[in-house]
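Residue numbers (my numbering): 16 to 248. In this text, a Cβ means the ideal position worked out from N, Cα and C, and glycines have one as well. Notes for the one structure printed next.
Printed below as a string of structure tokens:
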């Protein structure tokens, strides 16, 4: 019996036919079944502690390792493509934009004035998406070129976002879109320019991501609490 609706076994199941069902509040589903063919590819994912330990000691860690950076930059420098041109043009344009985004206001009561709620929510959604995506673009340009101007601009953006209170107006249960803007694009940006944060910037950035991660986890757990928690057997 499982207490969570998602289960990732550490070892692959042997070929064969398997059955499962869910239960909640004393109710039980009909049995479901799936089959693993003898020729199926074996893919095992180790426990979280093990794969976390496999991360490189330095950065980058996402989509690459420190030892791959020099070759990556050399190949990028020799390449020609519209995608490369667009990335560098976008990054150069972003250098001239503001790297500060003010913390958004709290959303009004959606039940009292939907139009007012939507107008504020919509603006926050796209402003925060573009701002943090811009940090990711700048960070990628730095990763591929080594131009520190791009790195510092990305750092400034993520340091600005880190000033937002993770438990405030961008808390996941109050405004999930503002929260998601940070945790979707922000981690890659931070990873790729990690060494160019000041110590103070890095500490604030890490603290806010840690809190946002905890809030996201709590949200998932809260949805499984009480009568909403389904058991699998």
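Item: Classification of residue 227 by the beta-carbon crowding that lies within 10 angstroms, buried from 16 upward; Value: buried
Item: Secondary structure of residue 29, DSSP reduced to three states; Value: coil
Item: Whole-Å CB distance - residue 3 paired with residue 184, under 8 Å assumed; Value: Missing from the structure shown is residue 3; the chain here goes from 16 to 248 and no further.
Item: Simplified DSSP assignment, three categories, for residue 35; Value: strand
Item: Of the listed residues 148, 76 and 120, nearest to residue 109 (C-alpha basis); Value: 148
Item: Start-to-end residues for the beta strand (DSSP E) that takes in residue 47; Value: 47 to 51
Item: Paired residues, beta bridge with residue 43 - DSSP; Value: 38
Item: Cβ separation of residue 205 and residue 187, assumed to be a contact under 8 Å, to the nearest whole Å; Value: Actually they are not in contact, since the Cβ atoms of residue 205 and residue 187 sit about 19 Å apart, beyond 8 Å.
Item: 8 Å contact criterion, which residue 229 and residue 198 should meet: CB distance rounded; Value: Not a contact, Cβ separation roughly 12 Å.
Item: The alpha helix (DSSP H) enclosing residue 97, as first and last residue numbers; Value: 97 to 110
Item: Residues near residue 47 in its chain [Cβ-Cβ closer than 8 Å; skip 5 each side]; Value: 34, 35 and 36
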